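Numbering (this note's numbering), first residue to last: 1 to 66.
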């Protein structure tokens with residue numbers, strides 16, 4: 001799971017396996033496989049980096065989750 005921040009500064013935890021696509025218009029909008037859209041403060045690249053870090057931790061348990 002990755003943590004992102006809604007526009008109202010509330011953190012939310014998202015399952016990255018449910019992310020269909022991410023767009024920046026200029027706000028970052030994450031669209032999930034169930035059709036739900038989440039607008040977050042992070043940039044597209046920040047979200048991608050968090051997803052990659054999460055995936056690395058899953059496939060290589062020796063990497064600590066921060």
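Built from N, CA and C at the ideal position, the CB exists for glycine as well.
Because the structure is a prediction, the values reported are computed rather than measured.
Boundaries of the beta strand (DSSP E) in which residue i is found, first to last residue
i, result
"residue 83", "Past the boundaries of the shown model lies residue 83; the chain is included only from 1 to 66, so the question cannot be answered."
"residue 25", "Here residue 25 belongs to no beta strand (DSSP E), and DSSP marks it neither H nor E."
"residue 3", "2-5"
Expected contact under 8 Å - CB spacing of residue i and residue j to nearest Å
i, j, result
"residue 22", "residue 47", "6 Å"
Nearest to residue i (by Cα), restricted to the options the options
i, options, result
"residue 7", "31, 15, 42 and 34", "42"
"residue 17", "36, 53, 1 and 56", "1"
Cβ shell of residue i (< 6 Å), same chain only, five flanking positions each side left out
i, result
"residue 38", "30"
"residue 33", "18 and 20"
"residue 27", "39"
Under the three-state DSSP convention, the category residue i falls into
i, result
"residue 16", "helix"
"residue 32", "strand"
Residues near residue i in its chain [Cβ-Cβ closer than 8 Å; skip 5 each side]
i, result
"residue 51", "2, 16 and 19"
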